[in-house]
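Chemist:
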Amino acid sequence: MMPPRKRAQVTFASAVVLLFLSGLATYLTIVRLLESQKWVVHSHEVQAALGNVDSMALDAGRARSGYALTGNADFLGKFETAVLNIGQTLQHLRDLTKDNPAQQNLCTRLEALTASRVALLRESIELKKSAPQDEAGQAEISRRGLPIAADITSTMQQMRDAEQRLLDVRARVSNHLFVLAVVVLMITFILALILFSLHYKLLTEELDAREQAEHSVRESEKSLRTLTARLLQLQDEERRKFSRELHDSLGQYLAAVKMNLDMFNNSQPGDRLLAEAIHLLDQSIAETRTISHLLHPPLLDEAGFSSAAKWYLDGFAQRSGIEVKSDFPDDVGRLPKSIELGLFRVLQESLTNIHRHSGSTKAEVELKLFPDRVILEVRDHGTGIPQALLRNFQDKGTNSGVGLAGMRERLRELGGRLDIRSGHGTVISATMPLSQTANDGDANAINATAAD
74 MMPPRKRAQV TFASAVVLLF LSGLATYLTI VRLLESQKWV VHSHEVQAAL GNVDSMALDA
134 GRARSGYALT GNADFLGKFE TAVLNIGQTL QHLRDLTKDN PAQQNLCTRL EALTASRVAL
194 LRESIELKKS APQDEAGQAE ISRRGLPIAA DITSTMQQMR DAEQRLLDVR ARVSNHLFVL
254 AVVVLMITFI LALILFSLHY KLLTEELDAR EQAEHSVRES EKSLRTLTAR LLQLQDEERR
314 KFSRELHDSL GQYLAAVKMN LDMFNNSQPG DRLLAEAIHL LDQSIAETRT ISHLLHPPLL
374 DEAGFSSAAK WYLDGFAQRS GIEVKSDFPD DVGRLPKSIE LGLFRVLQES LTNIHRHSGS
434 TKAEVELKLF PDRVILEVRD HGTGIPQALL RNFQDKGTNS GVGLAGMRER LRELGGRLDI
494 RSGHGTVISA TMPLSQTAND GDANAINATA AD
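Here's what the structure looks like:
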(Lines of atoms letter the chains of each structure in order from A; the text may use other names.)
(Lines give C-alpha, C1' and ligand atoms only; values in the text may rest on other atoms or scores of the structure.)
Protein backbone atom coordinates (compact mmCIF):
# COMPACT_ATOMS: atom_id res chain seq x y z
CA MET A 74 0.00 0.00 0.00
CA MET A 75 1.27 3.46 -0.89
CA PRO A 76 2.34 5.53 2.15
CA PRO A 77 0.13 8.54 3.04
CA ARG A 78 2.83 11.05 2.13
CA LYS A 79 3.35 9.38 -1.26
CA ARG A 80 -0.39 9.37 -1.89
CA ALA A 81 -0.60 13.06 -0.98
CA GLN A 82 2.29 13.84 -3.33
CA VAL A 83 0.69 11.86 -6.17
CA THR A 84 -2.65 13.57 -5.58
CA PHE A 85 -1.09 17.02 -5.57
CA ALA A 86 0.94 16.23 -8.70
CA SER A 87 -2.23 14.96 -10.41
CA ALA A 88 -4.06 18.16 -9.51
CA VAL A 89 -1.19 20.27 -10.87
CA VAL A 90 -1.05 18.22 -14.11
CA LEU A 91 -4.82 18.45 -14.45
CA LEU A 92 -4.71 22.20 -14.00
CA PHE A 93 -1.94 22.46 -16.56
CA LEU A 94 -3.80 20.33 -19.13
CA SER A 95 -7.05 22.15 -18.48
CA GLY A 96 -5.26 25.45 -18.83
CA LEU A 97 -3.80 24.29 -22.13
CA ALA A 98 -7.19 23.05 -23.33
CA THR A 99 -8.83 26.29 -22.25
CA TYR A 100 -6.15 28.30 -24.00
CA LEU A 101 -6.62 26.37 -27.25
CA THR A 102 -10.39 26.69 -26.97
CA ILE A 103 -10.16 30.41 -26.36
CA VAL A 104 -7.78 30.79 -29.31
CA ARG A 105 -10.28 29.01 -31.55
CA LEU A 106 -13.09 31.08 -30.04
CA LEU A 107 -11.25 34.30 -30.81
CA GLU A 108 -10.55 33.10 -34.34
CA SER A 109 -14.21 32.22 -34.79
CA GLN A 110 -15.22 35.62 -33.44
CA LYS A 111 -12.84 37.19 -35.94
CA TRP A 112 -14.67 35.44 -38.79
CA VAL A 113 -18.01 36.58 -37.36
CA VAL A 114 -16.73 40.12 -37.38
CA HIS A 115 -15.43 39.53 -40.92
CA SER A 116 -18.93 38.56 -42.09
CA HIS A 117 -20.36 41.69 -40.54
CA GLU A 118 -17.69 43.73 -42.32
CA VAL A 119 -18.65 42.18 -45.69
CA GLN A 120 -22.30 42.98 -45.05
CA ALA A 121 -21.37 46.53 -44.09
CA ALA A 122 -19.26 46.87 -47.27
CA LEU A 123 -22.24 45.73 -49.40
CA GLY A 124 -24.39 48.31 -47.65
CA ASN A 125 -21.77 50.97 -48.39
CA VAL A 126 -21.73 50.02 -52.10
CA ASP A 127 -25.50 50.34 -52.23
CA SER A 128 -25.37 53.65 -50.36
CA MET A 129 -22.66 55.07 -52.65
CA ALA A 130 -24.67 54.00 -55.75
CA LEU A 131 -27.75 55.75 -54.39
CA ASP A 132 -25.67 58.90 -53.73
CA ALA A 133 -24.44 58.85 -57.34
CA GLY A 134 -27.99 58.36 -58.61
CA ARG A 135 -29.32 61.26 -56.49
CA ALA A 136 -26.50 63.53 -57.68
CA ARG A 137 -27.31 62.68 -61.36
CA SER A 138 -31.02 63.29 -60.75
CA GLY A 139 -30.35 66.60 -59.02
CA TYR A 140 -28.18 67.77 -61.91
CA ALA A 141 -30.74 66.57 -64.49
CA LEU A 142 -33.52 68.51 -62.78
CA THR A 143 -31.69 71.73 -61.86
CA GLY A 144 -28.58 71.81 -64.00
CA ASN A 145 -26.64 72.89 -60.86
CA ALA A 146 -22.95 72.10 -61.30
CA ASP A 147 -22.58 71.32 -57.56
CA PHE A 148 -24.29 68.02 -58.16
CA LEU A 149 -21.52 67.07 -60.58
CA GLY A 150 -18.96 67.29 -57.77
CA LYS A 151 -21.11 65.13 -55.55
CA PHE A 152 -21.51 62.67 -58.41
CA GLU A 153 -17.77 62.35 -58.95
CA THR A 154 -17.17 61.91 -55.23
CA ALA A 155 -19.80 59.19 -55.03
CA VAL A 156 -18.32 57.40 -58.07
CA LEU A 157 -14.86 57.52 -56.47
CA ASN A 158 -16.25 56.13 -53.21
CA ILE A 159 -18.03 53.35 -55.11
CA GLY A 160 -14.69 52.24 -56.61
CA GLN A 161 -12.95 52.26 -53.25
CA THR A 162 -15.80 50.41 -51.55
CA LEU A 163 -15.86 47.74 -54.25
CA GLN A 164 -12.10 47.28 -53.89
CA HIS A 165 -12.51 46.92 -50.12
CA LEU A 166 -15.29 44.41 -50.72
CA ARG A 167 -13.05 42.40 -53.04
CA ASP A 168 -10.27 42.40 -50.41
CA LEU A 169 -12.68 41.17 -47.76
CA THR A 170 -14.01 38.30 -49.90
CA LYS A 171 -10.72 37.13 -51.37
CA ASP A 172 -10.86 33.97 -49.18
CA ASN A 173 -14.21 33.00 -50.80
CA PRO A 174 -14.11 32.18 -54.56
CA ALA A 175 -17.93 32.27 -54.91
CA GLN A 176 -18.09 35.71 -53.37
CA GLN A 177 -15.21 36.83 -55.59
CA ASN A 178 -17.19 35.83 -58.68
CA LEU A 179 -20.23 37.74 -57.44
CA CYS A 180 -17.98 40.67 -56.60
CA THR A 181 -16.63 40.68 -60.16
CA ARG A 182 -20.18 40.66 -61.50
CA LEU A 183 -21.15 43.46 -59.11
CA GLU A 184 -18.20 45.56 -60.29
CA ALA A 185 -19.23 45.10 -63.94
CA LEU A 186 -22.87 45.96 -63.23
CA THR A 187 -21.88 48.96 -61.14
CA ALA A 188 -19.56 50.17 -63.90
CA SER A 189 -22.43 49.85 -66.40
CA ARG A 190 -24.77 51.80 -64.15
CA VAL A 191 -22.16 54.52 -63.60
CA ALA A 192 -21.68 54.71 -67.38
CA LEU A 193 -25.43 55.23 -67.90
CA LEU A 194 -25.40 57.91 -65.19
CA ARG A 195 -22.53 59.67 -66.98
CA GLU A 196 -24.41 59.39 -70.28
CA SER A 197 -27.43 61.04 -68.65
CA ILE A 198 -25.22 63.87 -67.37
CA GLU A 199 -23.63 64.37 -70.78
CA LEU A 200 -27.07 64.41 -72.40
CA LYS A 201 -28.16 67.06 -69.92
CA LYS A 202 -25.14 69.14 -70.82
CA SER A 203 -25.66 68.78 -74.62
CA ALA A 204 -29.51 68.78 -74.78
CA PRO A 205 -31.04 70.11 -71.59
CA GLN A 206 -34.57 69.80 -72.88
CA ASP A 207 -34.29 66.23 -74.22
CA GLU A 208 -36.57 64.54 -71.73
CA ALA A 209 -37.20 61.62 -74.01
CA GLY A 210 -33.51 60.80 -74.08
CA GLN A 211 -33.33 60.94 -70.29
CA ALA A 212 -36.29 58.60 -70.06
CA GLU A 213 -34.64 56.18 -72.44
CA ILE A 214 -31.48 56.15 -70.33
CA SER A 215 -33.52 55.53 -67.21
CA ARG A 216 -35.32 52.64 -68.92
CA ARG A 217 -32.00 51.07 -69.91
CA GLY A 218 -30.79 51.40 -66.31
CA LEU A 219 -33.68 49.48 -64.77
CA PRO A 220 -32.40 45.95 -65.65
CA ILE A 221 -28.92 46.88 -64.49
CA ALA A 222 -30.25 48.13 -61.14
CA ALA A 223 -32.26 44.92 -60.77
CA ASP A 224 -29.17 42.82 -61.49
CA ILE A 225 -27.14 44.87 -58.99
CA THR A 226 -29.82 44.37 -56.34
CA SER A 227 -29.96 40.62 -57.10
CA THR A 228 -26.18 40.22 -56.98
CA MET A 229 -25.87 42.12 -53.72
CA GLN A 230 -28.68 40.07 -52.22
CA GLN A 231 -26.89 36.86 -53.24
CA MET A 232 -23.72 38.13 -51.58
CA ARG A 233 -25.71 39.09 -48.46
CA ASP A 234 -27.38 35.69 -48.32
CA ALA A 235 -24.03 33.91 -48.68
CA GLU A 236 -22.48 36.00 -45.91
CA GLN A 237 -25.55 35.46 -43.72
CA ARG A 238 -25.17 31.69 -44.10
CA LEU A 239 -21.49 31.99 -43.24
CA LEU A 240 -22.39 34.25 -40.35
CA ASP A 241 -24.90 31.72 -38.99
CA VAL A 242 -22.35 28.90 -39.22
CA ARG A 243 -19.61 30.97 -37.64
CA ALA A 244 -21.92 32.19 -34.87
CA ARG A 245 -22.89 28.59 -34.05
CA VAL A 246 -19.24 27.55 -33.97
CA SER A 247 -18.40 30.52 -31.79
CA ASN A 248 -21.22 29.72 -29.37
CA HIS A 249 -20.17 26.08 -29.31
CA LEU A 250 -16.59 27.01 -28.50
CA PHE A 251 -17.73 29.40 -25.80
CA VAL A 252 -19.87 26.70 -24.19
CA LEU A 253 -16.97 24.24 -24.54
CA ALA A 254 -14.60 26.67 -22.80
CA VAL A 255 -17.07 27.16 -19.95
CA VAL A 256 -17.62 23.39 -19.61
CA VAL A 257 -13.86 22.71 -19.61
CA LEU A 258 -13.32 25.34 -16.93
CA MET A 259 -16.17 23.98 -14.80
CA ILE A 260 -15.03 20.37 -15.09
CA THR A 261 -11.44 21.38 -14.40
CA PHE A 262 -12.45 23.41 -11.37
CA ILE A 263 -14.56 20.56 -9.97
CA LEU A 264 -11.86 17.93 -10.54
CA ALA A 265 -9.14 20.18 -9.17
CA LEU A 266 -11.32 20.93 -6.13
CA ILE A 267 -11.83 17.20 -5.57
CA LEU A 268 -8.10 16.45 -5.94
CA PHE A 269 -7.08 19.31 -3.67
CA SER A 270 -9.67 18.21 -1.12
CA LEU A 271 -8.24 14.70 -1.25
CA HIS A 272 -4.74 16.13 -0.94
CA TYR A 273 -5.85 18.19 2.06
CA LYS A 274 -7.40 15.10 3.63
CA LEU A 275 -4.25 13.03 3.11
CA LEU A 276 -2.09 15.88 4.37
CA THR A 277 -4.29 16.23 7.43
CA GLU A 278 -4.03 12.49 8.09
CA GLU A 279 -0.25 12.69 7.79
CA LEU A 280 -0.11 15.68 10.14
CA ASP A 281 -2.38 13.87 12.60
CA ALA A 282 -0.17 10.80 12.41
CA ARG A 283 2.93 12.94 12.90
CA GLU A 284 1.33 14.74 15.83
CA GLN A 285 0.38 11.42 17.37
CA ALA A 286 3.91 10.15 16.85
CA GLU A 287 5.34 13.30 18.42
CA HIS A 288 2.93 12.89 21.32
CA SER A 289 4.09 9.30 21.73
CA VAL A 290 7.71 10.46 21.62
CA ARG A 291 7.00 13.12 24.23
CA GLU A 292 5.25 10.58 26.42
CA SER A 293 8.16 8.17 25.95
CA GLU A 294 10.64 10.92 26.76
CA LYS A 295 8.62 11.86 29.82
CA SER A 296 8.51 8.22 30.91
CA LEU A 297 12.24 7.90 30.25
CA ARG A 298 12.97 10.98 32.31
CA THR A 299 10.78 9.67 35.11
CA LEU A 300 12.58 6.36 34.91
CA THR A 301 15.97 8.08 34.87
CA ALA A 302 15.05 10.17 37.87
CA ARG A 303 13.83 7.08 39.67
CA LEU A 304 17.03 5.20 38.82
CA LEU A 305 19.13 8.11 40.11
CA GLN A 306 17.07 8.18 43.27
CA LEU A 307 17.47 4.44 43.70
CA GLN A 308 21.19 4.81 43.05
CA ASP A 309 21.46 7.39 45.81
CA GLU A 310 19.46 5.18 48.13
CA GLU A 311 21.66 2.19 47.35
CA ARG A 312 24.78 4.29 47.93
CA ARG A 313 23.37 5.42 51.26
CA LYS A 314 22.55 1.85 52.25
CA PHE A 315 25.90 0.54 51.06
CA SER A 316 27.72 3.33 52.86
CA ARG A 317 25.82 2.54 56.03
CA GLU A 318 26.55 -1.19 55.68
CA LEU A 319 30.26 -0.51 55.13
CA HIS A 320 30.41 1.80 58.12
CA ASP A 321 28.12 -0.05 60.53
CA SER A 322 28.83 -3.67 59.56
CA LEU A 323 32.16 -4.21 57.86
CA GLY A 324 33.71 -1.25 59.64
CA GLN A 325 32.67 -2.59 63.03
CA TYR A 326 33.97 -6.07 62.21
CA LEU A 327 37.31 -4.65 61.14
CA ALA A 328 37.44 -2.52 64.27
CA ALA A 329 36.76 -5.57 66.42
CA VAL A 330 39.49 -7.55 64.67
CA LYS A 331 41.84 -4.58 65.19
CA MET A 332 41.08 -4.53 68.91
CA ASN A 333 41.74 -8.27 69.21
CA LEU A 334 44.99 -8.01 67.32
CA ASP A 335 46.07 -5.10 69.51
CA MET A 336 45.35 -7.15 72.62
CA PHE A 337 47.24 -10.11 71.18
CA ASN A 338 50.15 -7.86 70.21
CA ASN A 339 50.28 -6.40 73.74
CA SER A 340 50.49 -9.91 75.20
CA GLN A 341 53.16 -11.03 72.72
CA PRO A 342 55.07 -7.97 71.60
CA GLY A 343 57.74 -7.98 68.90
CA ASP A 344 56.02 -10.19 66.33
CA ARG A 345 56.80 -8.56 62.95
CA LEU A 346 54.02 -10.32 61.01
CA LEU A 347 51.48 -9.38 63.63
CA ALA A 348 52.54 -5.72 63.46
CA GLU A 349 52.28 -5.79 59.68
CA ALA A 350 48.81 -7.32 59.87
CA ILE A 351 47.73 -4.59 62.29
CA HIS A 352 49.10 -1.95 59.88
CA LEU A 353 47.22 -3.47 56.91
CA LEU A 354 44.10 -3.63 59.02
CA ASP A 355 44.43 0.09 59.87
CA GLN A 356 44.67 0.85 56.15
CA SER A 357 41.59 -1.32 55.44
CA ILE A 358 39.60 0.49 58.13
CA ALA A 359 40.65 3.86 56.71
CA GLU A 360 39.86 2.82 53.14
CA THR A 361 36.51 1.40 54.19
CA ARG A 362 35.68 4.67 55.97
CA THR A 363 36.76 6.63 52.87
CA ILE A 364 34.66 4.52 50.51
CA SER A 365 31.70 4.79 52.84
CA HIS A 366 32.01 8.56 52.98
CA LEU A 367 32.43 8.85 49.21
CA LEU A 368 29.32 6.81 48.57
CA HIS A 369 27.30 9.02 50.88
CA PRO A 370 29.23 11.28 53.26
CA PRO A 371 27.55 11.54 56.68
CA LEU A 372 28.44 15.23 56.73
CA LEU A 373 25.98 15.79 53.85
CA ASP A 374 23.08 14.76 56.08
CA GLU A 375 24.50 16.16 59.30
CA ALA A 376 26.15 19.49 58.35
CA GLY A 377 24.98 20.19 54.80
CA PHE A 378 26.59 20.63 51.39
CA SER A 379 29.20 23.21 52.30
CA SER A 380 30.88 21.10 54.96
CA ALA A 381 30.60 17.86 52.95
CA ALA A 382 32.02 19.55 49.84
CA LYS A 383 35.02 20.99 51.73
CA TRP A 384 35.72 17.57 53.26
CA TYR A 385 35.46 15.94 49.85
CA LEU A 386 37.70 18.55 48.18
CA ASP A 387 40.43 18.06 50.81
CA GLY A 388 40.36 14.30 50.33
CA PHE A 389 40.27 14.62 46.53
CA ALA A 390 43.30 16.95 46.54
CA GLN A 391 45.27 14.51 48.71
CA ARG A 392 44.39 11.45 46.62
CA SER A 393 44.74 12.98 43.12
CA GLY A 394 47.50 15.54 43.61
CA ILE A 395 45.32 18.18 41.89
CA GLU A 396 45.34 21.58 43.57
CA VAL A 397 41.75 22.57 44.29
CA LYS A 398 40.65 26.10 45.23
CA SER A 399 37.18 26.55 46.68
CA ASP A 400 35.10 29.67 47.06
CA PHE A 401 32.00 29.12 49.19
CA PRO A 402 29.89 31.80 50.92
CA ASP A 403 30.26 31.92 54.66
CA ASP A 404 26.52 31.80 55.31
CA VAL A 405 25.47 28.92 53.07
CA GLY A 406 23.44 27.27 55.78
CA ARG A 407 21.28 24.27 54.97
CA LEU A 408 19.75 23.82 51.53
CA PRO A 409 16.94 21.43 50.65
CA LYS A 410 18.27 17.89 50.92
CA SER A 411 17.55 17.09 47.27
CA ILE A 412 19.55 20.14 46.15
CA GLU A 413 22.43 19.32 48.48
CA LEU A 414 22.57 15.78 47.16
CA GLY A 415 22.33 16.95 43.53
CA LEU A 416 25.11 19.52 43.97
CA PHE A 417 27.34 16.98 45.68
CA ARG A 418 26.88 14.41 42.89
CA VAL A 419 27.68 17.07 40.27
CA LEU A 420 30.80 18.00 42.26
CA GLN A 421 31.87 14.36 42.48
CA GLU A 422 31.33 13.67 38.78
CA SER A 423 33.00 16.92 37.68
CA LEU A 424 36.14 16.32 39.76
CA THR A 425 36.26 12.69 38.65
CA ASN A 426 36.19 13.82 34.98
CA ILE A 427 38.94 16.36 35.70
CA HIS A 428 41.10 13.66 37.27
CA ARG A 429 40.47 11.12 34.49
CA HIS A 430 40.34 13.19 31.31
CA SER A 431 41.44 16.83 31.60
CA GLY A 432 45.12 16.50 32.51
CA SER A 433 44.77 19.70 34.53
CA THR A 434 46.83 20.19 37.70
CA LYS A 435 44.45 22.79 39.09
CA ALA A 436 40.73 23.03 39.66
CA GLU A 437 38.45 25.73 41.01
CA VAL A 438 35.10 25.22 42.70
CA GLU A 439 32.75 28.14 43.34
CA LEU A 440 29.32 28.18 44.94
CA LYS A 441 27.05 31.15 44.23
CA LEU A 442 23.96 31.56 46.38
CA PHE A 443 21.02 33.76 45.33
CA PRO A 444 17.56 34.23 46.84
CA ASP A 445 15.91 32.16 44.10
CA ARG A 446 18.68 29.85 42.91
CA VAL A 447 22.04 28.30 43.66
CA ILE A 448 24.88 27.89 41.14
CA LEU A 449 27.84 25.53 41.42
CA GLU A 450 30.74 26.05 38.99
CA VAL A 451 33.65 23.66 38.58
CA ARG A 452 36.52 24.89 36.41
CA ASP A 453 39.71 23.22 35.18
CA HIS A 454 42.58 24.30 32.93
CA GLY A 455 43.02 21.10 30.97
CA THR A 456 42.53 19.94 27.38
CA GLY A 457 38.80 20.56 27.30
CA ILE A 458 35.94 18.38 26.12
CA PRO A 459 36.12 17.21 22.46
CA GLN A 460 33.87 19.34 20.28
CA ALA A 461 31.97 16.35 18.90
CA LEU A 462 31.10 15.19 22.41
CA LEU A 463 30.17 18.72 23.43
CA ARG A 464 27.90 19.14 20.39
CA ASN A 465 26.18 15.87 21.17
CA PHE A 466 25.60 17.10 24.70
CA GLN A 467 24.27 20.48 23.58
CA ASP A 468 22.00 18.79 21.01
CA LYS A 469 20.79 16.40 23.70
CA GLY A 470 22.24 13.48 21.85
CA THR A 471 22.71 9.98 23.12
CA ASN A 472 26.50 9.89 22.91
CA SER A 473 27.33 12.66 25.34
CA GLY A 474 28.66 10.36 28.03
CA VAL A 475 26.91 8.60 30.89
CA GLY A 476 28.31 10.96 33.54
CA LEU A 477 27.24 14.15 31.73
CA ALA A 478 23.84 12.70 30.88
CA GLY A 479 23.36 11.59 34.50
CA MET A 480 24.20 15.06 35.81
CA ARG A 481 21.86 16.69 33.33
CA GLU A 482 18.94 14.39 34.10
CA ARG A 483 19.48 14.76 37.85
CA LEU A 484 19.38 18.55 37.60
CA ARG A 485 16.44 18.50 35.19
CA GLU A 486 14.45 16.43 37.65
CA LEU A 487 15.06 19.16 40.23
CA GLY A 488 14.05 21.89 37.79
CA GLY A 489 17.63 23.00 37.13
CA ARG A 490 19.99 22.91 34.21
CA LEU A 491 23.57 21.95 33.39
CA ASP A 492 25.73 24.18 31.18
CA ILE A 493 29.15 23.30 29.82
CA ARG A 494 31.67 25.67 28.25
CA SER A 495 34.85 24.19 26.87
CA GLY A 496 37.88 25.70 25.16
CA HIS A 497 41.13 26.19 27.04
CA GLY A 498 39.79 24.23 29.94
CA THR A 499 36.23 23.38 30.89
CA VAL A 500 33.61 25.06 33.05
CA ILE A 501 30.69 22.99 34.32
CA SER A 502 27.89 25.12 35.72
CA ALA A 503 24.98 23.58 37.63
CA THR A 504 22.01 25.87 38.33
CA MET A 505 19.13 24.80 40.56
CA PRO A 506 16.14 26.85 41.68
CA LEU A 507 15.28 27.23 45.33
CA SER A 508 11.60 26.63 44.61
CA GLN A 509 8.73 24.28 45.20
CA THR A 510 10.27 21.81 42.74
CA ALA A 511 13.31 21.44 44.94
CA ASN A 512 11.13 21.16 48.02
CA ASP A 513 9.13 18.36 46.39
CA GLY A 514 12.36 16.56 45.57
CA ASP A 515 13.48 17.12 49.14
CA ALA A 516 10.29 15.51 50.38
CA ASN A 517 10.95 12.49 48.18
CA ALA A 518 14.45 12.21 49.55
CA ILE A 519 13.18 12.43 53.12
CA ASN A 520 10.61 9.72 52.42
CA ALA A 521 13.29 7.53 50.88
CA THR A 522 15.50 8.04 53.92
CA ALA A 523 12.64 7.18 56.23
CA ALA A 524 11.99 4.01 54.23
CA ASP A 525 15.58 2.92 54.76
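Take any residue in the sequence shown, note its place counting from 1, add 73, and you have its number in our numbering.
All residues carry an ideal CB built from backbone N, CA and C; glycine is no exception.
Fair warning: this is a prediction, and the values are worked out from it, not measured in the lab.
E413 to L334, Cα distance in whole Å?
Modeler: 40 Å
Chemist: Determine the direct distance from the alpha carbon of D374 to that of S433, and round the result to whole angstroms.
Modeler: Distance between the alpha carbons of S433 and D374 is about 31 Å.
Chemist: When we look at the beta-carbon of F417 and count the other beta-carbons within 10 Å, is it buried (16 or more) or exposed?
Modeler: F417 is buried by the Cβ-count criterion.
Chemist: Which same chain residues, not among the five before or five after D492, have their C-beta less than 6 Å away from its C-beta?
Modeler: S502
Chemist: I'd like to check one pair, L169 with E118: are the Cβ atoms closer than 7 Å?
Modeler: yes
Chemist: Does the stretch 424-438 come into contact with the stretch 383-395, if we say contact requires no fewer than three beta-carbon pairs (one atom in each stretch) closer than 8 Å?
Modeler: With a cut-off of 8 Å, the stretch 383-395 and the stretch 424-438 count as touching, because enough Cβ pairs lie within range.
Chemist: Would you mind stating whether R483 and G415 have Cβ atoms separated by less than 7 Å?
Modeler: Result yes, Cβ atoms of R483 and G415 sit closer than 7 Å.
Chemist: Would you kindly work out how many angstroms separate the C-alpha atoms of I159 and L101, rounded to a whole number?
Modeler: 40 Å
Chemist: Would you mind giving the Cβ-Cβ distance between T504 and I448, rounded to the nearest angstrom? I have them listed as a contact below 8 Å.
Modeler: 5 Å
Chemist: Between which two residues does the alpha helix (DSSP H) containing T154 stretch?
Modeler: Note, T154: alpha helix (DSSP H), D147 to L169.
Chemist: Nearest to S116 by alpha carbon, out of G150, V438, E236 and E284?
Modeler: E236
Chemist: Can you name the start and end residues of the beta strand (DSSP E) that D453 belongs to?
Modeler: R446 to D453
Chemist: Have a look at L386, V114 and S215 and flag the residue whose alpha-carbon is nearest the alpha-carbon of R137.
Modeler: The shortest Cα separation from R137 among L386, V114 and S215 belongs to S215.
Chemist: In this structure, does DSSP put F93 in helix, strand or coil?
Modeler: helix
Chemist: Does DSSP put S357 in a helix, a strand or coil?
Modeler: helix
Chemist: Is there contact between the stretch 82-91 and the stretch 196-207, where contact requires at least three CB pairs shorter than 8 Å?
Modeler: no
Chemist: Should M259 be counted as a contact of the ligand MN given a C-beta to heavy atom distance under 6 Å?
Modeler: Of ligands this structure carries none, so the ligand MN is not represented either.
Chemist: F152: which of Q176, T99, L183 and E196 sits nearest, CA to CA?
Modeler: E196
Chemist: Could you spell out where the alpha helix (DSSP H) holding R418 opens and where it closes?
Modeler: K410 to N426
Chemist: Does V405 come out as helix, strand or coil in the three-state DSSP assignment?
Modeler: coil
Chemist: DSSP state of D172, grouped into three classes?
Modeler: Coil, per DSSP.
Chemist: If I follow the unbroken alpha helix (DSSP H) through D492, where does it start and stop?
Modeler: No alpha helix (DSSP H) holds D492; the beta strand (DSSP E) holding it covers R490 to G496.
Chemist: Tell me whether T456 sits in a helix, a strand or coil according to DSSP, three-state version.
Modeler: coil
Chemist: Could you tell me the distance, in whole angstroms, from the CA atom of A329 to the CA atom of V397?
Modeler: 36 Å
Chemist: Determine the DSSP secondary structure at D400, reduced to helix, strand or coil.
Modeler: strand
Chemist: Determine the DSSP secondary structure at I395, reduced to helix, strand or coil.
Modeler: coil
Chemist: Between P402 and L440, which are expected to be in contact by the criterion C-beta below 8 Å, what is the C-beta distance as a whole number of angstroms?
Modeler: Yes, they are in contact, since the Cβ atoms of P402 and L440 sit about 7 Å apart, within 8 Å.
Chemist: Classify S247 as helix, strand or coil using the three-state DSSP reduction.
Modeler: helix
Chemist: Looking at the unbroken beta strand (DSSP E) that takes in A436, where does it start and where does it end?
Modeler: K435 to L442 is the extent of the beta strand (DSSP E) around A436.
Chemist: Alpha carbon to alpha carbon, how far is R243 from V156? Give it in angstroms, no decimals.
Modeler: The straight-line gap from Cα to Cα measures roughly 33 Å.
Chemist: By Cβ distance, which residues of its chain are closer than 6 Å to V438, with the 5 residues on each side in sequence left out?
Modeler: S399 and V451
Chemist: For D224 versus L186, is the C-beta spacing smaller than 7 Å?
Modeler: yes
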